[in-house]
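Mapping to our numbering: the sequence shown position 16 is 1085, numbers consecutive.
Remarks on the structure that follows.
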Amino acid sequence: MELVEATAEDVDVLAAYWFSLASEMEQYSTLNELAVEGPADVESGFEELLDGDDTTPFLLDVDGTTVGYLLLRRDEHPTRELSEYATIVDLFVEESHRDQGLGSEAIDAAKRVAAERGADYLTVSCEWGNDGARRFYETNGFTAKQVTYAQELETTARGDDG
């Protein structure tokens, strides 16, 4: 498996993979409910990512066949001793290619890319109720560092009267 940096020609594939991943995440929280109808609705977002400097989409390539994608973002905590870090924002492997070690290979490749770009460490997050993802990341050397809590708010922007 090889991480191949995506180009503008890959926007439709990236959007399709993202939509599949996001659809799978809906089951874990009402906050994950999609407001888009399909992959075409998010293509412009990937075009913007490709123009940016801090986030890089990669395709997972196995012998010339694309089987998933990984989105890597660089960030920093300037007040920390280990200030430079990278985050795996998204990792998606097509269902027919899962359980073959490709996700682990993608993480290993992301570690190499992040280190080459000067990151001190790599982070990733997943839904609390996604036990499979939590086990996967722990098996791949990640340790829990913090928990994010979320609370839905009543807003007039959505048409609620609260």
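From the three backbone atoms N, C-alpha and C, an ideal C-beta is built for every residue, glycine too.
Contact set for residue i: own chain, Cβ-Cβ below 6 Å, skip 5 residues either direction
i	result
Ile1176	Asn1209
Asp1081	none
Glu1078	none
Ala1188	Glu1153, Tyr1154 and Ala1155
Contacts around residue i, its chain only, beta-carbon distance under 8 Å, and the 5 residues preceding and following it disregarded
i	result
Val1216	Trp1197
Leu1072	Phe1127, Leu1128, Leu1129, Asp1130, Leu1139, Ala1175, Ala1178, Ala1179 and Val1182
Thr1099	Glu1221
Ala1219	Ser1098 and Leu1100
Inter-residue spacing [alpha-carbon to alpha-carbon] between residue i and residue j
i	j	result
Ser1165	Asp1110	25 Å
Gly1195	Ala1104	Here residue 1195 turns out to be Cys, not Gly, going by the sequence shown. Those two C-alpha atoms are separated by around 20 Å.
Leu1141	Gly1121	12 Å
Pro1147	Ala1075	29 Å
Thr1192	Ile1157	6 Å
Gly1201	Thr1224	34 Å
Sequence-distant residues of its chain with Cβ nearer than 7 Å to residue i (five each side left out)
i	result
Phe1088	Gly1107, Pro1108 and Val1111
Thr1212	none
Leu1232	There is simply no residue 1232 to check, as the chain begins at 1070 and stops at 1231 in what is shown.
Helix, strand or coil at residue i [DSSP, three-state]
i	result
Tyr1206	helix
Asp1081	helix
Gly1201	helix
Phe1211	coil
Tyr1097	helix
Leu1128	strand
Thr1076	coil
Contact under 7 Å by Cβ, residue i with residue j
i	j	result
Glu1093	Asn1101	no
Tyr1154	Tyr1206	no
Glu1013	Gly1137	Nothing can be reported for residue 1013: it is not among the residues displayed for the chain, which extend from 1070 to 1231.
Asp1123	Arg1149	no
Inset, instruction - Kindly provide the ranges of any beta strand (DSSP E) runs that are 3 or more residues long and lie completely inside the segment 1145 to 1197, ordered along the chain. - result: 1153 to 1162 and 1190 to 1193
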